[in-house]
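Single-structure report; data block below.
Protein chains: 2
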Amino acid sequence: MASITVTFNPIGREVKVTRGISILDAAIEVGVPLRAECGGNGICGKCKVIIHEKNAANGIRDAERKHLSPRELVSGYRLACQTIPKRDIDILIPRETMIEERKILVHGIAKKTTLDPTVRKLHLKLNKPSLSDVTPDFQRLQQTLPDSCKLQDLSIDYTVLRELPDILREAGWDITVTIWDDERIIDVQPGDATRELYGFAVDIGTSKIVGHLVDLNTGKTVETGRIENPQVSYGADIITRIAFAMESETNRKTLKKVVLDGINSVLAQACAKAEVNSDHVYATVLVGNTVMHHLCLGIQSKFTGLSPYVPAVKSQLNISTAELGIKTNLHGIATFLPIIAGFVGADALADVIATEFDELKKTSMLVDIGTNTEVFVGDFEGMVACSCASGPAFEGARIKHGMKAEKGAIESLQIKPGFEVEFTTIGDVRPKGLCGSAMIDLVAEMFKFRIIDSKGRFIPDESNPRLRKGDQQKEFVVAWAEETSTKKDIAITQKDIGEIQLAKAAIFTGCSLLMKTQNAVRKDLDHIFLAGTFGSYINPENAKILGLIPDVPTKRIEFVGNTAIMGAKMALVSKKAMKTAEKLSREIRYLELATVPEFSRELTDAMFIPHKDLKKFPSVTKYIDKVGNT
Amino acid sequence: MASITVTFNPIGREVKVTRGISILDAAIEVGVPLRAECGGNGICGKCKVIIHEKNAANGIRDAERKHLSPRELVSGYRLACQTIPKRDIDILIPRETMIEERKILVHGIAKKTTLDPTVRKLHLKLNKPSLSDVTPDFQRLQQTLPDSCKLQDLSIDYTVLRELPDILREAGWDITVTIWDDERIIDVQPGDATRELYGFAVDIGTSKIVGHLVDLNTGKTVETGRIENPQVSYGADIITRIAFAMESETNRKTLKKVVLDGINSVLAQACAKAEVNSDHVYATVLVGNTVMHHLCLGIQSKFTGLSPYVPAVKSQLNISTAELGIKTNLHGIATFLPIIAGFVGADALADVIATEFDELKKTSMLVDIGTNTEVFVGDFEGMVACSCASGPAFEGARIKHGMKAEKGAIESLQIKPGFEVEFTTIGDVRPKGLCGSAMIDLVAEMFKFRIIDSKGRFIPDESNPRLRKGDQQKEFVVAWAEETSTKKDIAITQKDIGEIQLAKAAIFTGCSLLMKTQNAVRKDLDHIFLAGTFGSYINPENAKILGLIPDVPTKRIEFVGNTAIMGAKMALVSKKAMKTAEKLSREIRYLELATVPEFSRELTDAMFIPHKDLKKFPSVTKYIDKVGNT
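Sequences listed follow chains R and V, in order.
Note that this note's numbering has the first sequence beginning at 218, numbered continuously upward.
Note that this note's numbering has the second sequence beginning at 218, numbered continuously upward.
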């Protein structure tokens, strides 16, 4: 029987399964953690997934009609245990179905990568020396290497060389060498040790450190690890940490030490779970934003926080893990992928790598939303990047009832006729606040229902029981006290809406100015990739209504998950991807938005919902016509 | 007035002087340390030098006739203070004229080398960053470099990068970078520090460590340093040291530590004398025999001492001086020149570099005599090398009254009619023994005077008062008790002669087998270079009579001094020379004499004085005819 490819979004994990097995079984096979308390019998109703192409699977079963609302059924919701794909299928996993409460995306999309890691092992049998063959040990080893290794330029770590004569003789001239980038021998072991070859990909986020332990013989992630970035104790955000590091050399060392402790802890976690000896980890690839990059390396980071925000270095760095302080094999190499600019770091570059953005034939856009939102526009012929100061609103800061995407956060919502609000919360519990994706939904829905106007101002409407004068300003009540876990109303204020408009305007302005730089208009955009944890959970229709991203058909919007870690992993398993990173770091142009003369005007225009210039958002005009907004 | 080039041998130092100045003044000008207690007034008679081309200088003056014996006058002896060269002239400095008692040759011949060291400094003024130019610091630095540096591949030491942002800003973007091999920045200093660029060339001998501190802006040695190799405490010879190192890892570390202490002491000595800060020393080039090389690097050296005597590595090694333990600049690089084989080390390769042997159009030979004697035969199209186990006889070991070339050693001698022996001693004191050069003279003279036959056996002669039966065997008295400082006769025994024959036979066999390998006969030899301290003081005529080296016209024999240190210095000041060393290490074939089937027969034949096959020594037959030896 022919196999079917099931793709799980937003984590981008693919699996080939035999025809006839359920989506839940496919998820179990590939290790995607779906909730299914009843074990797949259609009883608990927790394994909800979304399928956009209804014909790609069997018809809806009774068990599903029991657990899914009519609205869910219309929206393509299914129970994974009851759904049998008929052909290749894309599955979207809603947040409530994911097992973990606080999600850190540890997977992103996984483009096909040829397995060709920078580090490799070769099992060699050397001829024993004799008086008629007195070739020195290292040259004897070189001679035995296959032609594919650059013979003449091959070097050997001094510390490995020191012990080489003993190892060769104790091993009876039967050894395994570990070669880095076809140019340096970094380990020699007795016998055939080729199976023990692992790599470690790390995404050093400002809040979280995520690591993949990868078997470099197969290219597969064997285990993952994650931890809060321990630097959080020295400042929740980047600016606070830079300020702390600026105070003294000791502080700089402290921040370096704690982040390395965190990385080592993720490594130890993954190695323990996979029962892999960390001595067998030879290559480590790290990505992170520019400040994380500098702090982790112990590089003076002060100037990345002061205008003109200049980093110390952008090129790829290869450093001995022993020197750096990462506890892999003693002779291991840590590679920091290159960065683009002060606010476009290696994590953003990894997004580009993972999406193979640089190979796209048609102009596309990549947006990774965060406190700083990185945007790329371009194609295989070249691209331009910028960083937008979108601020922490979408992470809950400066929003009255804002919160991070944690348990109890309202993560999506709809306004119903009669101003009823239907919402879902992370962890399926009573809500305590709004996270970013719900903020987008909320502002878009309020706009659709003419609760706010295009300037974001509340439109007086006495028939709306949720619209009221709060402490000092108008607000819209999303959830009443009796519904919430805090026993207080959850509302959005006039000021909150302004913060959200500012954030979205900053992002759209970046998109818009990059498009201008590339001489691209909306219709030229073949794809918009939404990367990162936040980007994976937003409703694309609402994002367009809000005017967060350019108005392209929704099918052209792709959620790509945590591509930073996937890009790091690709560079780990593929020398080509690593070289692409170097090339892109040199070639991607960086646009400093502050230097663009039309920046202020663009930003002001983008404060409107969706935009002052409605021609930019044709798909949104239907709401405006309907409700009479202008 | 046109200048005249005066070349001082055996140290090979050249100086251009104006016509009319004395050889003593020329020596003072170039810093050659000649004895001249009277200050150059022809009174003390100590500044004896030898000139082979009499017409190249003024006629002999009265002061010279007073101090020089008729025999000395015939041999070309002059007083340096009384001799005015008329044209370019070669001066040979006899040992007694050198100021130091125990000579370590710190200079060798100095071929013309283009100044192009691997390490260089560049003074750069960078543009200050701004919002419209946010190029990262390191890339900004790269952009400012002249085109001649490989821009794209340039890397920077991690430890330098860490401080780069601060240095650039504190220095107001006006800096000096130190670049290693056009590919790596190893230091960044504020302002213009280009003048502070020094290198250090080191010859790690089994007995002595010699170092040259070189100004890499001029290529000139500014100071030299020397010391006994402190490893001597753990064994006078190589074999004892290998045995000590084999005992334990701790011993190996001890030998590494003490030799590095020695190197650091030579460096400190030279830096102190020259008033150079060792922080300004960036490049260090080291040569030494294979065992010294391994012991200094802490490489397991056991197997270089066990058949088949295989070294761990032959290629050039570049190691951070900080990692190795040499106290130059923190970011300095130590380069160990490559070796050829277990018994043909980097010191021998440096001989080849210094003599530019690899560029010779005609077949030549290079011989560096020691406990192991390295021989090279070849030309620019290729060469072959071997090591001869000549043993320590020429250094005084196993010879009844043998001694090293130290104060009190008879260093040259002649037998006069009536069996009188005329000799010179190092330091011009009463003799206490014979050093190697005197042993060669002695055996050759005894052969010429038919005191011994071609097999080295004493020929009974009752008219010879010096020939007697000693304790257990026949011996020839060189100096009577009343002449010596020990108040005992200095004599050479039958067994001593055997040891010397064995040593010379080992060397000649190497010469002979290499010539066969290269299809060269005696007449093809355009040059024989005698390298090393010992080789510089032997009498070439007597060497031929003994059968130590092939019988070529004496003018084709060139004494080249301590070429090992000169080769190291050439590699230090010239990237081309360094690359040549790498190339030669790969290309020079090594002949393991023990594997040559005719080795034993060749060795047996070479035990004869000068050789069993007299056709090999036509110039010696005159003595045989005269004295009837066969």
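Using N, Cα and C, we set each Cβ at its ideal position, and we do this for glycine too.
- Non-local beta-carbon contacts of A244 (chain R) in its own chain, meaning distances under 7 Å to residues more than five positions away in sequence, involve F225, L251, A297 in chain order.
- Inclusion of T501 (chain R) and G416 (chain R) in the CB contact set at 9 Å is warranted, their separation being smaller than that value.
- Annotation: G715 (chain V) is outside any beta strand (DSSP E); the continuous alpha helix (DSSP H) that includes it extends over 711 to 734.
- Spanning the alpha carbons of T710 (chain V) and V660 (chain V) requires a straight line of approximately 11 Å.
- Under the three-pair Cβ rule at 8 Å, the stretch 797 to 807 of chain V counts as touching the stretch 543 to 561 of chain V.
- Around G515 (chain V), the beta-carbon contacts reaching into chain R at under 8 Å are R379.
- Its chain contains M732, P767, D768, V769, K833 as the residues whose beta carbon lies nearer than 8 Å to that of R739 (chain R), once the 5 sequence neighbours on both sides are disregarded; these appear in chain order.
- By the Cβ-count criterion, S365 (chain V) is exposed, with fewer than 16 other Cβ atoms from all chains shown falling within 10 Å of its own Cβ.
- In the three-state scheme derived from DSSP, where H, G and I count as helix and E and B as strand, K649 (chain R) is classed as coil.
- For R386 (chain R), the three-state secondary structure derived from DSSP is helix.
- Under the 8 Å Cβ criterion, the stretch 746 to 760 of chain R does not count as touching the stretch 464 to 477 of chain R, having fewer than three qualifying pairs.
- Taking the C-beta atoms as reference points, E313 (chain V) is found no nearer than 9 Å to I805 (chain V).
- What K342 (chain V) touches in chain R, judged by beta-carbon distance under 8 Å, is nothing: the nearest beta carbon there is about 17 Å away.
- Residue-level contact check: S729 (chain V) does not touch chain R, since none of the beta carbons of chain R fall below 9 Å from its beta carbon.
- Among the residues of the stretch 801 to 825 of chain V, those with a Cβ less than 9 Å away from any Cβ of chain R are R803, Y807, E809, A811, T812, in the order of the chain.
- In the pairwise beta carbon analysis, the stretch 578 to 586 of chain V is classified as not touching the stretch 782 to 789 of chain V: fewer than three pairs are separated by under 8 Å.
- Here DSSP, grouped into helix, strand and coil, assigns G505 (chain R) to strand.
- Sequence-distant partners of S372 (chain V) (beyond 5 residues in either direction) whose C-beta falls short of 8 Å from its own C-beta, in its chain, are E400, R401, I402.
- Counting other Cβ atoms within 10 Å of its Cβ, S604 (chain R) reaches 16 or more and is therefore classed as buried.
- In chain order, P525, Y526, V527, A558, G559, Y807, E809 make up the part of chain R whose C-beta sits under 8 Å from the C-beta of V351 (chain V).
- Rounded to whole angstroms, K793 (chain V) and L566 (chain V) show a C-alpha spacing of 15 Å.
- The alpha carbon of S450 (chain V) has as its nearest neighbour, out of V:L433, V:S424, V:V561, the alpha carbon of V:S424.
- V738 (chain R) carries a coil assignment under DSSP once its states are collapsed to helix, strand and coil.
- Residue pairing of I480 (chain R) in beta bridges, as defined by DSSP: absent, with no partner found.
- Annotation: the stretch 416 to 465 of chain R contains the following complete segments of the beta strand (DSSP E) (minimum length 3 residues), in chain order: 425 to 432, 437 to 445.
- Following the DSSP letters along the chain, one finds A539 (chain V) inside the alpha helix (DSSP H) bounded by residues 538 to 541.
- Under the 9 Å criterion on CB atoms, Y375 (chain R) is classed as interfacial with respect to chain V.
- In this structure, T780 (chain R) keeps its C-beta atom at 9 Å or more from the C-beta atom of I456 (chain R).
- Contact of R401 (chain R) with chain V is not assigned, every C-beta pair being separated by 9 Å or more.
- Below 8 Å, too few C-beta pairs join the stretch 635 to 652 of chain R and the stretch 810 to 820 of chain R to call them touching: fewer than three.
- Its chain contains G619, M620, K621 as the residues whose beta carbon lies nearer than 6 Å to that of G613 (chain V), once the 5 sequence neighbours on both sides are disregarded; these appear in chain order.
- In the structure shown, L630 (chain V) adopts extended strand secondary structure according to DSSP, grouped into three states.
- Sequence-distant partners of Y807 (chain R) (beyond 5 residues in either direction) whose C-beta falls short of 8 Å from its own C-beta, in its chain, are I557, A558, V561, V601, A602, C603.
- Listed along the chain, the chain R residues whose CB falls inside 8 Å of the CB of F355 (chain V) are A529, V530, K531, S532.
- At least 9 Å separates the beta-carbon of T300 (chain V) from that of N272 (chain V).
- If you look at Q406 (chain V), you'll find it isn't in any alpha helix (DSSP H); it sits in the beta strand (DSSP E) that goes 401 to 407.
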